[in-house]
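Trainee: The numbering of the sequence shown is our numbering, which starts it at 6 and goes up by one.
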Amino acid sequence: MEKIDDLDKQILEIITKNARIPFKDVASECEVSRAAIHQRVQRLIDMGVIVGSGYHVNPKTLGYQTCTYIGIKLEKGSMYSEVVPELDKIPEIVECNFTTGPYTMMVKLYAHDNEHLMQLLNGKIQSIKGVSSTETLISLEQSIKREVPINKGEAILP
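1. So, does the region 77 to 85 touch the region 43 to 52, judging by three or more C-beta pairs under 8 angstroms?
2. Measuring CA to CA, which of 117, 107, 11, 59 is closest to residue 98?
3. Under 8 angstroms, do residue 138 and residue 78 count as touching if we go by C-beta distance?
4. Going by the CB atoms, is the gap between residue 147 and residue 35 shorter than 8 angstroms?
5. Can the beta-carbon of residue 14 be found less than 8 angstroms from the beta-carbon of residue 155?
6. Report the rounded CA-to-CA distance for residue 20 versus residue 61, giving the unit in angstroms.
7. Candidates 68, 56, 12: which alpha carbon is nearest residue 115's?
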């Protein structure tokens, strides 16, 4: 099993702050060649440390004014695997987690406004077979959004 060394951590710290940074700039900051950065990043992808890539879209620019977290209680926890595909059909849902605590699952969704949110709740989510109740929490503002700390703790790889 391969390990992540200090150079890998340094690269991860740089690219998680700015995924669009050119490899030549990463190489300069790390004091290694551009080829070394390219090889390291590819290795981190192959190891499953780096997953996905892309751009973050500001939901408000597309008319999604309301960010909402919805706690969902199911009739039985075992219905999770049947409910998830139904939730996946709702494009406004951007996250879904199987949770402990008072809810069986928690979803994050974006709605254009409160009327749209009501349509999603009443017309879609609460009508899914197995959903017994929901609790809605509206986010007033996102204050922190970041990746996990890179240089804290020991990496555990698959």
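Beta carbons are placed, not taken as given, at the ideal position from N, Cα and C, and that holds for glycine.
Mentor: Short version:
1. no
2. 117
3. Residue 78 sits close to residue 138, with the two beta carbons spaced by under 8 angstroms.
4. No, these two residues do not count as a Cβ contact at 8 angstroms.
5. yes
6. Roughly 14 angstroms between the two C-alpha positions.
7. The shortest Cα separation from residue 115 among 68, 56, 12 belongs to 68.
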